[in-house]
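Here the structure is laid out as structure tokens; the discussion comes afterwards.
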Amino acid sequence: NRTFILKLMSGLMAARRGASLLPRLCASTQSLQTLARYTPATRRYLDLWQVFSKTAWEEQRAKLKDEVRRSYADEIKEMKDHGGKLSEAKVISKIEASVFPPLLTRDSTGCVSSLPFSAGAEEKTSRAALVCCLFRANAQPMVDAWSSKFSEALHNKTGVHIFQLTIVENGLFALPGMRNIFLGGARMQEKKWEALNPDLGQEAAVPKLPFKVHLHFGDTYNLRRDLRITSRLTAYVYLIDRHGKVRFEASGNPETDEIDKLINFTQDVLMEQ
Numbered sequence: 281n282r283t284f285i286l287k288l289m290s291g292l293m294a295a296r297r298g299a300s301l302l303p304r305l306c307a308s309t310q311s312l313q314t315l316a317r318y319t320p321a322t323r324r325y326l327d328l329w330q331v332f333s334k335t336a337w338e339e340q341r342a343k344l345k346d347e348v349r350r351s352y353a354d355e356i357k358e359m360k361d362h363g364g365k366l367s368e369a370k371v372i373s374k375i376e377a378s379v380f381p382p383l384l385t386r387d388s389t390g391c392v393s394s395l396p397f398s399a400g401a402e403e404k405t406s407r408a409a410l411v412c413c414l415f416r417a418n419a420q421p422m423v424d425a426w427s428s429k430f431s432e433a434l435h436n437k438t439g440v441h442i443f444q445l446t447i448v449e450n451g452l453f454a455l456p457g458m459r460n461i462f463l464g465g466a467r468m469q470e471k472k473w474e475a476l477n478p479d480l481g482q483e484a485a486v487p488k489l490p491f492k493v494h495l496h497f498g499d500t501y502n503l504r505r506d507l508r509i510t511s512r513l514t515a516y517v518y519l520i521d522r523h524g525k526v527r528f529e530a531s532g533n534p535e536t537d538e539i540d541k542l543i544n545f546t547q548d549v550l551m552e553q
């Protein structure tokens, strides 16, 4: 229960300051492992092994130092100055490319999945995927612009998919009641993508690439560090090849030359063995 967890945390912190409370908290490593394995609340709110790991504490301090370096005000100022365009679009060679960080997500149905390629049979055959990341609703128009132009140019290509990765960092929103609100929004976004063009009538659907919305709930420090995400107020797009490597990256609203660069490079990626 919560009272036991609080006492346990207090005892562990005292042990770090030199008090010999560890023998009274757990007689052996075996009991500690049993506690972590069979107490859901403990497993959820307290990583016991990090308490005793000097490396983990150093990583946590580095993380906090990095997080406080940039404030929300800095991100707002950056958004006003550059409109979300934090860097130029970049093409990455196969040799220099790094793998897209593994990330557990939920698709619009609520099923646990993963990115860039989830367990769906169709997505396993992907030869290229455009992953569009956003943290705030104000970045949705940017994602829509990248996705629609990418799909318009490559809708006749097989093995090409588009994923929208919506990141919700507040862990409270992962609770079932709150989570369903975000899942409903994801389903609406997918239906909007599949909607027919009203100017063409019901029998003339606009050809589009497969599009799916994935949501990730929780901390994304490692993801932001690996993908060089510095602001949560803009959108980020990544082209992932069949090996799961990031081959193109950009941010903000798409410029004409950036879209051309992305489309031409995607065609080159599709021809790679």
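Residue numbers (this note's numbering): 281 to 553. Where a beta carbon is used, it is the ideal one built from N, C-alpha and C, also for glycine.
Exercise for the section: Look up isoleucine 539 in the DSSP assignment and say whether it is helix, strand or coil. Expected result: Residue numbering aside, residue 539 sits at position 259 when the sequence shown is read from its first letter. Helix.
Practice task
Output the distance between the C-alpha atoms of leucine 550 and arginine 407, rounded to the nearest integer angstrom.
Solution key: In the sequence shown, the residue the question calls residue 550 occupies position 270. In the sequence shown, the residue the question calls residue 407 occupies position 127. So the two alpha carbons sit approximately 6 Å from each other.
Problem - Exposed unless 16 or more other CB atoms sit within 10 angstroms - verdict on leucine 452 - result: The residue labelled residue 452 in the question sits at position 172 within the sequence shown. Per the 10 Å Cβ criterion, exposed.
Practice task
Could you tell me which of Leu513, Tyr516, Phe380 and Ala454 sits nearest to valine 392, measuring between CA atoms?
Solution key: Stepping through the sequence shown from its first residue, residue 392 is reached at position 112. Here the closest residue by C-alpha is Ala454.
Practice task
Under 8 Å by Cβ, that's how I've got phenylalanine 443 and leucine 395 pegged, so tell me the actual separation to the nearest angstrom.
Solution key: As a working note, residue 443 is residue 163 in the sequence shown. As a working note, residue 395 is residue 115 in the sequence shown. Contact holds; Cβ gap of about 6 Å.
Practice task
Hey, could you find the ends of the beta strand (DSSP E) arginine 527 is sitting in?
Solution key: The residue you call residue 527 lines up with position 247 of the sequence shown. That run of the beta strand (DSSP E) goes 526 to 531.
Exercise for the section: Would you mind giving the Cβ-Cβ distance between threonine 385 and histidine 523, rounded to the nearest angstrom? I have them listed as a contact below 8 Å. Expected result: If you number the sequence shown from 1, residue 385 lands on position 105. If you number the sequence shown from 1, residue 523 lands on position 243. Contact flag wrong, Cβ pair sits at about 20 Å.
Exercise for the section: Would you kindly report the start and end of the unbroken alpha helix (DSSP H) that includes isoleucine 461? Expected result: Locating residue 461 in the sequence shown gives position 181, where the first residue counts as 1. 456 to 474 is the extent of the alpha helix (DSSP H) around isoleucine 461.
Exercise for the section: Drop a sphere of 10 angstroms on the beta-carbon of serine 531, count the other beta-carbons inside from all chains shown, and report buried for 16 or more, exposed for fewer. Expected result: Along the sequence shown, read from residue 1 onward, the residue named residue 531 stands at position 251. Buried, since its Cβ has 16 or more Cβ neighbours within 10 Å.
Practice task
Within 10 angstroms of the Cβ of arginine 508, are there 16 or more other Cβ atoms? Answer buried if so, exposed if not.
Solution key: As a position in the sequence shown, residue 508 is number 228, starting the count at 1. In summary, arginine 508 is exposed, with fewer than 16 beta-carbon neighbours lying within 10 Å of its beta-carbon over all protein chains present.
Practice task
Return the chain-ordered list of same chain residues with a C-beta closer than 7 Å to the C-beta of serine 367, the five sequence neighbours on each side being excluded.
Solution key: Numbered from 1 along the sequence shown, position 87 holds the residue referred to as residue 367. Result list for serine 367: Ser531, in chain order.
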